[in-house]
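Presented below is the structure to which this report refers.
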Amino acid sequence: MTTSQKTDAANEAMLARNLARVEELSQRLVAALSKQRPTPPSLEGPSPDLYAKAGAAYISEWLANPAKIMENQIALWGKSLQHYIQAQQALASGKLVPPEDDTPPDRRFQNPLWQTHPYFNYVKQQYLLTANAIEKTLEELEGLDDSDRQRLSFFTKQIINLMAPTNFLATNPDALERAVETEGQSLVDGLENLVRDVEANGGDLLVTLADRDAFKVGSNLATTEGAVVFRNRLFELIQYAPKTKTVYEKPVLLFPPWINKFYVLDLKPQNSLIRWIVEQGYTLFVVSWVNPDASYADVGLETYIEEGYLTALNEVKNICGVDQLNAVGYCIAGTTLALTLALMEKRGEASIGSATFFTTLTDFSDPGEFGVFLTDDFVDGIEAEARREGVLRSYYMARTFSYLRANDLIYTPAIRSYMLGEAPPAFDLLYWNGDSTNLPARMTVEYLRWLCQQNRFCENGVEILGETIEIGDVKVPVCAIACETDHIAAWRTSFDGVRKFGSRSKEFILSESGHIAGIVNPPSKDKYGYYVSDAPMSGSETWLKQAKHTNGSWWPEWEKWLRCRSGKQIPARKPGEGGTPVLCPAPGTYVLNEKYSDRS
Numbered sequence: 345m346t347t348s349q350k351t352d353a354a355n356e357a358m359l360a361r362n363l364a365r366v367e368e369l370s371q372r373l374v375a376a377l378s379k380q381r382p383t384p385p386s387l388e389g390p391s392p393d394l395y396a397k398a399g400a401a402y403i404s405e406w407l408a409n410p411a412k413i414m415e416n417q418i419a420l421w422g423k424s425l426q427h428y429i430q431a432q433q434a435l436a437s438g439k440l441v442p443p444e445d446d447t448p449p450d451r452r453f454q455n456p457l458w459q460t461h462p463y464f465n466y467v468k469q470q471y472l473l474t475a476n477a478i479e480k481t482l483e484e485l486e487g488l489d490d491s492d493r494q495r496l497s498f499f500t501k502q503i504i505n506l507m508a509p510t511n512f513l514a515t516n517p518d519a520l521e522r523a524v525e526t527e528g529q530s531l532v533d534g535l536e537n538l539v540r541d542v543e544a545n546g547g548d549l550l551v552t553l554a555d556r557d558a559f560k561v562g563s564n565l566a567t568t569e570g571a572v573v574f575r576n577r578l579f580e581l582i583q584y585a586p587k588t589k590t591v592y593e594k595p596v597l598l599f600p601p602w603i604n605k606f607y608v609l610d611l612k613p614q615n616s617l618i619r620w621i622v623e624q625g626y627t628l629f630v631v632s633w634v635n636p637d638a639s640y641a642d643v644g645l646e647t648y649i650e651e652g653y654l655t656a657l658n659e660v661k662n663i664c665g666v667d668q669l670n671a672v673g674y675c676i677a678g679t680t681l682a683l684t685l686a687l688m689e690k691r692g693e694a695s696i697g698s699a700t701f702f703t704t705l706t707d708f709s710d711p712g713e714f715g716v717f718l719t720d721d722f723v724d725g726i727e728a729e730a731r732r733e734g735v736l737r738s739y740y741m742a743r744t745f746s747y748l749r750a751n752d753l754i755y756t757p758a759i760r761s762y763m764l765g766e767a768p769p770a771f772d773l774l775y776w777n778g779d780s781t782n783l784p785a786r787m788t789v790e791y792l793r794w795l796c797q798q799n800r801f802c803e804n805g806v807e808i809l810g811e812t813i814e815i816g817d818v819k820v821p822v823c824a825i826a827c828e829t830d831h832i833a834a835w836r837t838s839f840d841g842v843r844k845f846g847s848r849s850k851e852f853i854l855s856e857s858g859h860i861a862g863i864v865n866p867p868s869k870d871k872y873g874y875y876v877s878d879a880p881m882s883g884s885e886t887w888l889k890q891a892k893h894t895n896g897s898w899w900p901e902w903e904k905w906l907r908c909r910s911g912k913q914i915p916a917r918k919p920g921e922g923g924t925p926v927l928c929p930a931p932g933t934y935v936l937n938e939k940y941s942d943r944s
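The sequence shown begins at 345 in our numbering and counts up by one.
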């Protein structure tokens, strides 16, 4: 047998194996999809009411000003025809080159073939022409209020992103090149990745963002030394071991959000805020929330405050033998910390000497990009689903946050995994992002109705544990850190909430980057800078105009503020001293989705 014949035989054998593998994987995919739980239509997209409003506005515009509508349509036709003619002329010249391309840079089209190959360039330019025409028509459409326009713009953008040529095999040069290079193996591998993801999520499709085998919480993530020193049905309290001989008298109690797990602040030693705080000479306690199941259905905001915040506060005071401590709240945990502070003010309690807020909203009058999901059509659907299941499943939260950055968190990872057949990267932050949690039904509804929709804390007051509390009841010294490009807690809205606090002492720090990267920004990286200002907090724009920019992490700036409110130096405290029970080493059991057997 000649070398050529051997090669042909090997290729035929590979093809046969791949076809058999495709058949096997297809059967598995069908079986996995059959297990998918029905998703309520109200959680799949906006209500028909939004489409009706958009259609009515378009028809009204057509009747009132048909020339403008026709002008936009004819402009698209003209550009499309001109583009087609230019492409034909380029081909007729006998050279395999595309026509002139003045489209703006786009990360999705990085392969050189998008610029140099007539077919791919034509597809790309036509897609961008059409996308631009749709967006322009929407911008000029009259008869919609701001809320409906924002929602229509968001969901239109979702459709535009979905239809990008990069998302389809026949129009993705990267995927086609890889398939040719690997004799189709990449497509088989991609199908295997797809089946794996559908099977892992009970029939739902969530793209695996990171290599699940590359990390283990407590082994190469969340490794800062400490111990669980208290546990109840809602949280484990972790006390971290000191790294200095002396510490400040007032301990720090950090409340992370229960939408995700706390170890985003303790990923690796070099970017761990938890480790860094301990290294600065503070006794640090961190709350690790339980990942609730249906038995937590009736756990509400009051439960989180009473069994979570107030209980953790008292435990830390007792362990350290102090009357006051400094508290930190991140995202939704910062919102609830503000509620707790207002409640304590009404009760005349002064156990918190200062409060720090990371990317926290307390005024929801402008919830930013997330506001498209806060209208009744979605919230009604969320309420019905949460009450039926006892929890809002993590699937919905993960999917919602992903669609706020669809190209980065859905389509690009899906292309790499399913079309290029690549294994997910070993990326700690993306691993954490996929390690999401459920939310108790009652808490979910109260948070969305009372705070996000009705903005009671800022406007008419919200009743918590027998007290009606308002945002002005927050009186302790506060420091708030917001992030410039945060798509979950817009910094200007965060600023407005802090501005309405009743505190006489307020510090505001604006970090560059987004909701996570802007917070997890260690000094050693010297990556993102921050802004501070001596201007009064009368308005965000005035404040920013007078703000000073500093390169590097905001952590030292905050620590300088915290240091002044932390008391004298005392001998370092160790977990378990003074008879405090050590229940298990950090990071504990709740973060591993293990629940303590005695939840009484």
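Cβ coordinates follow ideal geometry from the N, Cα and C atoms, glycine included.
Problem - Given 8 Å, three or more beta-carbon pairs between the stretch 872-887 and the stretch 833-846 - result: yes
Problem - Nearest-angstrom beta carbon gap, SER746 and SER780 [assumed within contact, 8 Å] - result: In the sequence shown, residue 780 corresponds to position 436, counting from 1. In the sequence shown, residue 746 corresponds to position 402, counting from 1. Actually they are not in contact, since the Cβ atoms of SER780 and SER746 sit about 10 Å apart, beyond 8 Å.
Exercise for the section: Could you tell me whether any Cβ in chain C is nearer than 7 Å to the Cβ of ALA916? Expected result: Absent from the structure is chain C; it holds one protein chain and no more.
Problem - Nearest-angstrom Cα separation, counted from SER386 out to ILE403 - result: By 1-based counting over the sequence shown, the position of residue 403 is 59. By 1-based counting over the sequence shown, the position of residue 386 is 42. Approximately 26 Å, taken between the alpha carbons.
Handout entry: Inter-residue spacing [alpha-carbon to alpha-carbon] between ARG556 and PRO769
Key = Position 212 of the sequence shown, counted from the start, is the residue given in the question as residue 556. Position 425 of the sequence shown, counted from the start, is the residue given in the question as residue 769. Each residue's alpha carbon lies about 9 Å from the other.
Practice task
Note the first and the last residue of the continuous alpha helix (DSSP H) segment covering SER868.
Solution key: Your numbering for residue 868 matches position 524 in the sequence shown. From DSSP, SER868 is part of no alpha helix (DSSP H); its letter is neither H nor E.
Exercise for the section: Tell me LEU565's beta-bridge partners as DSSP assigns them. Expected result: Start at 1 with the first residue of the sequence shown, and residue 565 comes out as number 221. According to DSSP, which records beta bridges pairwise, LEU565 is partnered with VAL561.
Handout entry: Residue range of the alpha helix (DSSP H) that includes GLY534
Key = Against the sequence shown, residue 534 aligns to sequence position 190. That run of the alpha helix (DSSP H) goes 529-544.
Problem - CB of LEU472 within 7 Å of CB of THR447, strictly - result: For the purposes of this step, residue 472 is identified with residue 128 of the sequence shown, where counting begins at 1. For the purposes of this step, residue 447 is identified with residue 103 of the sequence shown, where counting begins at 1. Yes, they are a contact pair.
Exercise for the section: Can you grab the Cα-Cα spacing for the pair ARG917 / PHE714, in whole Å? Expected result: For the purposes of this step, residue 917 is taken as the residue at position 573 of the sequence shown. For the purposes of this step, residue 714 is taken as the residue at position 370 of the sequence shown. One C-alpha to the other measures close to 42 Å.
Exercise for the section: For GLU729, count neighbouring C-beta atoms within 10 Å of its own C-beta (all shown protein chains included) and say buried if the count is 16 or more, exposed if not. Expected result: Here residue 729 is taken as the residue at index 385 of the sequence shown, counted from 1. The residue in question, GLU729, is buried, as its Cβ has 16 or more Cβ neighbours within 10 Å.
Exercise for the section: Output the distance between the C-alpha atoms of ALA364 and VAL542, rounded to the nearest integer angstrom. Expected result: Sequence index remark: in the sequence shown, residue 364 carries index 20 (1-based). Sequence index remark: in the sequence shown, residue 542 carries index 198 (1-based). One C-alpha to the other measures close to 20 Å.
Practice task
Kindly identify the DSSP beta-bridge partner or partners of PRO784.
Solution key: By 1-based counting over the sequence shown, the position of residue 784 is 440. Paired residue(s): VAL735.
Practice task
Inspect the CB distances between the stretch 602-611 and the stretch 751-768 and report whether three or more fall short of 8 Å.
Solution key: no
Handout entry: CA-to-CA distance, SER695 to ASN895, given in whole angstroms
Key = Position 551 of the sequence shown, counting from 1, holds the residue named residue 895. Position 351 of the sequence shown, counting from 1, holds the residue named residue 695. ASN895 and SER695: Cα-Cα distance of roughly 35 Å.
Practice task
Check whether the Cβ atoms of LEU617 and VAL723 lie closer than 7 Å to each other.
Solution key: Residue mapping note: residue 617 aligns to position 273 of the sequence shown, counting from 1. Residue mapping note: residue 723 aligns to position 379 of the sequence shown, counting from 1. Their beta carbons are not under 7 Å apart, which means LEU617 does not touch VAL723 by this criterion.
Exercise for the section: Use the C-beta contact count for CYS908: other C-beta atoms within 10 angstroms, 16 or more gives buried, fewer gives exposed. Expected result: Within the sequence shown, numbered from 1, the residue matching residue 908 stands at position 564. By the neighbour-count rule (16 or more Cβ atoms within 10 Å), CYS908 is not buried but exposed.
Problem - Chain-order list of residues whose beta-carbon lies under 6 Å from that of PHE453 (same chain, five-residue window excluded) - result: For this step, residue 453 is matched to residue 109 along the sequence shown. If we look at PHE453 and ignore the five residues flanking it on each side, its Cβ neighbours are LYS468.
Problem - Collapsed DSSP secondary structure at SER944 in the structure displayed - result: If you number the sequence shown from 1, residue 944 lands on position 600. Residue placement at SER944 is poorly supported in this model, since its pLDDT is 31, which falls under 50; the coordinates still yield a value, given next. Looking at SER944 - three-state DSSP - the assignment turns out to be coil, as it is neither helix nor strand.
Handout entry: Top-ranked residue by Cα proximity to LEU565, from ARG577, PHE464, LEU774
Key = As a first step, residue 565 must be located in the sequence shown, where it is residue number 221. Looking at the Cα atoms, LEU774 is the closest of the given residues.
Practice task
State whether the stretch 530-538 contacts the stretch 577-586, with contact taken as three or more CB pairs (one from each stretch) at a distance under 8 Å.
Solution key: no
Handout entry: Three-state secondary structure assigned by DSSP to PHE708
Key = For the purposes of this step, residue 708 is taken as the residue at position 364 of the sequence shown. Coil at PHE708, not helix or strand.
Exercise for the section: Return yes when the Cβ of SER698 is within less than 7 Å of the Cβ of PRO821, no when it is not. Expected result: Counting from one through the sequence shown, the residue named residue 821 turns up at place 477. Counting from one through the sequence shown, the residue named residue 698 turns up at place 354. Yes, they are a contact pair.
Problem - Nearest to VAL539 (by Cα), restricted to the options PRO443, ALA376, GLN459, GLN430 - result: Taking the sequence shown and counting its residues from 1, the one referred to as residue 539 is at position 195. Comparing Cα-Cα distances from VAL539 to each of PRO443, ALA376, GLN459, GLN430, the minimum goes to ALA376.
Exercise for the section: In the DSSP assignment, find the alpha helix (DSSP H) that holds VAL622 and state where it starts and stops. Expected result: Taking the first residue of the sequence shown as position 1, residue 622 is located at position 278. 617-623 is the extent of the alpha helix (DSSP H) around VAL622.
Problem - Helix, strand or coil at LYS889 [DSSP, three-state] - result: For the purposes of this step, residue 889 is identified with residue 545 of the sequence shown, where counting begins at 1. Looking at LYS889 - three-state DSSP - the assignment turns out to be helix.
Practice task
Can you have a look at TYR874 and say buried or exposed, based on whether 16 or more other CB atoms are within 10 angstroms of its CB?
Solution key: Here residue 874 refers to the residue found at position 530 of the sequence shown. It counts as buried.
Practice task
Determine, using beta-carbon pairs with one atom in the stretch 782-790 and one in the stretch 625-632, whether at least three such pairs fall under 8 Å.
Solution key: no
Exercise for the section: Express the C-alpha separation of TYR648 and ASP642 in angstroms, rounding to a whole number. Expected result: Here residue 642 refers to the residue found at position 298 of the sequence shown. Here residue 648 refers to the residue found at position 304 of the sequence shown. Those two C-alpha atoms are separated by around 11 Å.
Exercise for the section: Taking only runs that begin and end inside the stretch 749-832, name each unbroken beta strand (DSSP E) of 3 or more residues, in chain order. Expected result: 806-808, 811-813, 822-827
Handout entry: Euclidean distance between Cα positions of TYR640 and VAL634
Key = Against the sequence shown, residue 640 aligns to sequence position 296. Against the sequence shown, residue 634 aligns to sequence position 290. In a straight line, the C-alpha of TYR640 is about 10 Å away from that of VAL634.
Handout entry: Per-residue DSSP class, three states only, for LEU718
Key = Within the sequence shown, the letter at position 374 stands for residue 718. Note: LEU718 maps to coil in three-state DSSP.
Problem - Those residues which DSSP pairs with VAL630 across a bridge - result: As a first step, residue 630 is located in the sequence shown; it is residue number 286 there, counting from the start. Its beta-bridge partners are ILE582, LEU598.
Problem - At least three beta-carbon pairs within less than 8 Å, the stretch 814-828 to the stretch 848-860 - result: yes
Practice task
Could you tell me if PRO384 is buried or exposed, where buried requires 16 or more neighbouring beta carbons within 10 angstroms of its beta carbon?
Solution key: The residue you call residue 384 lines up with position 40 of the sequence shown. Exposed, since its Cβ has fewer than 16 Cβ neighbours within 10 Å.
Exercise for the section: For GLU733, I'd like the list of residues in its chain whose CB is within less than 8 Å of its CB, leaving aside the five on either flank, ordered along the chain. Expected result: Position 389 of the sequence shown, counted from the first residue, corresponds to residue 733. Only ALA638, ALA785 meet the Cβ criterion.
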